[in-house]
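Undergrad:
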Amino acid sequence: MLTIAGHNFKSRLLVGTGKFASSQLMKEAIDASGSEMVTVALRRVDLDDPGDDIMSVLDRERYVFLPNTSGARNSDEAVRLARMSKASGGGEWLKLEVTPDPRTLLPDPVETLKATEILVREGFKVLPYMNADPILALKLQDAGAVAVMPLGSPIGTNQGLLTRFQVEIIIDQARVPVIVDAGLGAPSHAAEAMELGADAVLVNTAMAVAGDPVRMAKAFAMAVEAGRSAYESGLGRRQAQAMASSPAVGLGFLN
Amino acid sequence: MKIICNGKEMDVKDSLTIEKLVVDLDLNPATVVVECNGSIVLPDNYAEQQLSEGSVLELIRFVGGG
Chain A
1 MLTIAGHNFK SRLLVGTGKF ASSQLMKEAI DASGSEMVTV ALRRVDLDDP
51 GDDIMSVLDR ERYVFLPNTS GARNSDEAVR LARMSKASGG GEWLKLEVTP
101 DPRTLLPDPV ETLKATEILV REGFKVLPYM NADPILALKL QDAGAVAVMP
151 LGSPIGTNQG LLTRFQVEII IDQARVPVIV DAGLGAPSHA AEAMELGADA
201 VLVNTAMAVA GDPVRMAKAF AMAVEAGRSA YESGLGRRQA QAMASSPAVG
251 LGFLN
Chain B
1001 MKIICNGKEM DVKDSLTIEK LVVDLDLNPA TVVVECNGSI VLPDNYAEQQ
1051 LSEGSVLELI RFVGGG
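Here the protein sequences come in this chain order: A and B. Each step along the first sequence adds one to the number in the numbering used here, with nothing skipped, and position 237 is 237. The numbering used here runs 1000 ahead of the 1-based position in the second sequence.
#1: Return the bridge partner residues of phenylalanine 65(A) from the DSSP annotation.
#2: Could you name the residues of the same chain whose beta carbon sits closer than 7 angstroms to that of serine 70(A), not counting the 5 residues immediately before and after it, in chain order?
#3: When you compare the CB of valine 1032(B) with every CB in chain A, is at least one pair closer than 8 angstroms?
#4: Could you give the residue range of the beta strand (DSSP E) that holds isoleucine 258(A)?
#5: Return the first residue and the last residue of the beta strand (DSSP E) that phenylalanine 220(A) is part of.
#6: Measure from the C-beta of aspartate 53(A) to each C-beta in chain B and report whether the shortest distance is under 8 angstroms.
#7: Nearest to asparagine 74(A) by CA position, among Leu2(A), Pro100(A), Gly89(A) and Ser233(A), is which residue?
#8: Cβ atoms of leucine 140(A) and valine 167(A): under 8 angstroms apart, would you say?
#9: Taking Cβ-Cβ distances shorter than 8 angstroms, what residues in chain A pair up with isoleucine 1040(B)?
#10: Taking all protein chains shown into account, do 16 or more other C-beta atoms lie within 10 angstroms of the C-beta of serine 1039(B), making it buried, or fewer, making it exposed?
#11: At what residues does the alpha helix (DSSP H) containing glutamate 195(A) begin and finish?
#12: Using only alpha-carbon positions, find the residue among Met149(A), Ile118(A) and Gly123(A) that is nearest to asparagine 131(A).
#13: Excluding five sequence neighbours on each side, which residues of the same chain lie with their C-beta closer than 6 angstroms to the C-beta of serine 1015(B)?
#14: Using a beta-carbon distance below 8 angstroms, is asparagine 1037(B) in contact with chain C?
#15: Figure out for me which residue from Arg215(A), Ala191(A) and Ala219(A) has the closest Cα to the Cα of leucine 235(A).
#16: Which partner residues does threonine 3(A) have in the DSSP bridge list?
#17: So with Cβ pairs under 8 angstroms, would you call lysine 1060(B) a contact of chain A?
#18: For methionine 17(A), name the three-state secondary structure that DSSP assigns.
#19: 8 angstroms is my cut-off, CB to CB: does leucine 1021(B) come that close to chain A?
#20: Please check if any C-beta of chain A sits within less than 8 angstroms of the C-beta of leucine 1027(B).
#21: Heavy atom of the ligand FAD less than 7 angstroms from the Cβ of glutamate 232(A), yes or no?
#22: Alpha carbon to alpha carbon, how far is methionine 84(A) from asparagine 204(A)? Give it in angstroms, no decimals.
#23: Note down, in chain order, each residue of its chain lying with its Cβ closer than 7 angstroms to the Cβ of valine 209(A), except the 5 sequence neighbours on either side.
#24: Quick one: residues in its chain with C-beta nearer than 7 angstroms to the C-beta of proline 128(A), no 5 flanking neighbours on either side, listed in chain order?
#25: Measuring only the C-alpha atoms, how far is phenylalanine 124(A) from leucine 94(A)?
#26: Pull up the distance between the alpha-carbon of proline 67(A) and that of glycine 90(A), whole angstroms please.
#27: Candidates Ser23(A), Arg228(A), Met243(A) and Ala193(A): which alpha carbon is nearest lysine 10(A)'s?
#28: Identify the contact partners of asparagine 1006(B) in chain A, using a Cβ-Cβ distance below 9 angstroms as the criterion.
#29: Give the single residue among Thr39(A), Glu77(A) and Gln24(A) whose Cα lies nearest to the Cα of aspartate 52(A).
#30: Kindly indicate the opening and closing residues of the beta strand (DSSP E) around aspartate 142(A).
#31: In chain order, what residues of the same chain have a beta carbon less than 6 angstroms from the beta carbon of threonine 39(A), not counting five sequence neighbours either side?
#32: Quick check: glycine 183(A) and glycine 211(A), are their CB atoms within less than 8 angstroms of each other?
#33: Identify whether aspartate 181(A) lies in helix, strand or coil by the three-state DSSP scheme.
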């Protein structure tokens, strides 16, 4: 059971709601994923084409909504978005994102820590999106983050767990859940993160842009379960030297 | 009178309330957050708060995102 800020989740797969071809497809994919926590973003209403209201598409009883601060370039903008989110009924959960560089979308560690401190004081349950920096992960936990979300690779790149070495250290030191976020492009990437001992993963692009997002969502769900089971079962040790799986004795008849 | 709504100039009736504007735009007041002249307006105040000439409004809501 995954517990974040005292809230229990059966599923260890968090799903983002962006980039799906239609609201209906998004809804079906999230359903297939078994996820209980979904991220959403805040944007200006397009007054010429308001479109579907995501808050009426998704059942708020069924999913914990995790609003993000995507688009924020510094802590002031992130805090402003967080306050708007709360005012619009988004609750206290918050995926804090501060990404000043549109080319890499890498998170700003200094501004992220600063915003975490402010928002924790204001009562938010802050889950900061962060570079896979073990020292920063400790500082964010000290500041009151209820989970940390190190990136596997840059947002939307589908490159997988390029940060494996650092994520292992973050998991080893963590006092709060570690959710690997961003860049997981295939179920095998999600399984790899879970086998390392990540508490959960967050996936969006890989599902949304798949040929069949609903089946892909199911595939991610199975991979997350497989990876978690493997972690809990205890993986065998890696070693350089070969070790026969078949018995070394009883071969006398070959002579 | 003229207001700026989501970056565009809009001609509206004098003493229009935020609630009336949101409903006129066919939006759900329960899921739209309103910022007026840089300050968040809480939903409880939509019915009372009147707009004035030059008011700068932002109508924001949740959309799909990761």
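Built from N, CA and C at the ideal position, the CB exists for glycine as well.
TA: Per the coordinate set shown:
#1: Locating residue 65(A) in the first sequence gives position 65, counting from the first residue. Answer is Val38(A), bridged to phenylalanine 65(A).
#2: Reading the first sequence from its first residue, position 70 is the one you call residue 70(A). Contacts found: Ala41 and Glu97.
#3: Counting from 1 along the second sequence, the entry for residue 1032(B) is found at position 32. For valine 1032(B), the answer is yes, since a Cβ of chain A falls inside 8 angstroms of its Cβ.
#4: The question about residue 258(A) has no answer, for chain A in this structure spans 1 to 255.
#5: Against the first sequence, residue 220(A) aligns to sequence position 220. Not the beta strand (DSSP E): phenylalanine 220(A) falls in the alpha helix (DSSP H), residues 213-233.
#6: Locating residue 53(A) in the first sequence gives position 53, where the first residue counts as 1. At least one chain B Cβ lies under 8 angstroms of aspartate 53(A).
#7: Counting from one through the first sequence, the residue named residue 74(A) turns up at place 74. Ranking the options by Cα distance to asparagine 74(A), first place goes to Pro100(A).
#8: Position 167 of the first sequence holds residue 167(A). Position 140 of the first sequence holds residue 140(A). No, the pair does not count as a contact, with Cβ atoms beyond the cut-off.
#9: Counted from its first residue, the second sequence places residue 1040(B) at position 40. By Cβ distance, chain A contributes Arg83, Met84 and Ala87.
#10: Locating residue 1039(B) in the second sequence gives position 39, counting from the first residue. Counting Cβ neighbours within 10 Å, serine 1039(B) comes out exposed, since fewer than 16 surround it.
#11: Locating residue 195(A) in the first sequence gives position 195, where the first residue counts as 1. Per DSSP, glutamate 195(A) belongs to the alpha helix (DSSP H) from 187-196.
#12: Here residue 131(A) refers to the residue found at position 131 when the first sequence is read from its first residue. Of the residues Met149(A), Ile118(A) and Gly123(A), the one whose Cα lies closest to the Cα of asparagine 131(A) is Met149(A).
#13: Taking the second sequence and counting its residues from 1, the one referred to as residue 1015(B) is at position 15. Within the same chain, serine 1015(B) has close Cβ partners Gln1050.
#14: Looking at the structure shown, chain C is missing, and the protein chains on hand are A and B.
#15: As a first step, residue 235(A) is located in the first sequence; it is residue number 235 there, counting from the start. For leucine 235(A), the nearest C-alpha among the options comes from Ala191(A).
#16: Sequence index remark: in the first sequence, residue 3(A) carries index 3 (1-based). BP columns for threonine 3(A) point to Asn8(A).
#17: By one-based count along the second sequence, residue 1060(B) stands at place 60. Note that residue 1060(B) is isoleucine in the sequence shown, not lysine. Closer than 8 angstroms to some Cβ of chain A, the Cβ of isoleucine 1060(B) qualifies, so yes.
#18: In the first sequence, the residue the question calls residue 17(A) occupies position 17. Here residue 17(A) turns out to be threonine, not methionine, going by the sequence shown. Coil at threonine 17(A), not helix or strand.
#19: Stepping through the second sequence from its first residue, residue 1021(B) is reached at position 21. Chain A has no Cβ within less than 8 angstroms of the Cβ of leucine 1021(B).
#20: Within the second sequence, residue 1027(B) is the residue found at index 27, counting from 1. Yes, contact with chain A.
#21: Questions concerning the ligand FAD fall outside what the structure shown contains, since it holds no ligand whatsoever.
#22: Locating residue 204(A) in the first sequence gives position 204, where the first residue counts as 1. Locating residue 84(A) in the first sequence gives position 84, where the first residue counts as 1. In a straight line, the C-alpha of asparagine 204(A) is about 23 angstroms away from that of methionine 84(A).
#23: The residue labelled residue 209(A) in the question sits at position 209 within the first sequence. Contacts found: Lys19.
#24: Mapped onto the first sequence, residue 128(A) falls at position 128. Excluding positions up to five away in sequence, the list reads Leu96, Thr112, Thr116, Leu140, Ala145, Val148 and Met149.
#25: Taking the first sequence and counting its residues from 1, one reaches residue 124(A) at position 124. Taking the first sequence and counting its residues from 1, one reaches residue 94(A) at position 94. Cα to Cα, phenylalanine 124(A) sits roughly 7 angstroms from leucine 94(A).
#26: Numbered from 1 along the first sequence, position 67 holds the residue referred to as residue 67(A). Numbered from 1 along the first sequence, position 90 holds the residue referred to as residue 90(A). One Cα belongs to proline 67(A), the other to glycine 90(A), and the distance between them is close to 7 angstroms.
#27: As a working note, residue 10(A) is residue 10 in the first sequence. Nearest option by C-alpha distance: Arg228(A).
#28: The count along the second sequence starts at 1 and reaches residue 1006(B) at position 6. Chain A residues near asparagine 1006(B): Arg44, Val45, Asp46 and Leu47.
#29: What you label residue 52(A) is simply residue 52 of the first sequence in a count that begins at 1. Distance from the Cα of aspartate 52(A) is smallest, within the candidate group Thr39(A), Glu77(A) and Gln24(A), for Gln24(A).
#30: Your numbering for residue 142(A) matches position 142 in the first sequence. The continuous stretches of beta strand (DSSP E) do not include aspartate 142(A), which lies in the alpha helix (DSSP H) extending over residues 134-142.
#31: Working through the first sequence from its first residue, we reach residue 39(A) at position 39. Closer than 6 angstroms at Cβ, skipping near neighbours: Gly16, Leu66, Asn68 and Lys95.
#32: Residue 183(A) sits at position 183 when you count from the first residue of the first sequence. Residue 211(A) sits at position 211 when you count from the first residue of the first sequence. Cβ distance not < 8 angstroms, so glycine 183(A) and glycine 211(A) don't count as in contact.
#33: Taking the first residue of the first sequence as 1, we reach residue 181(A) at position 181. Looking at aspartate 181(A) - three-state DSSP - the assignment turns out to be strand.
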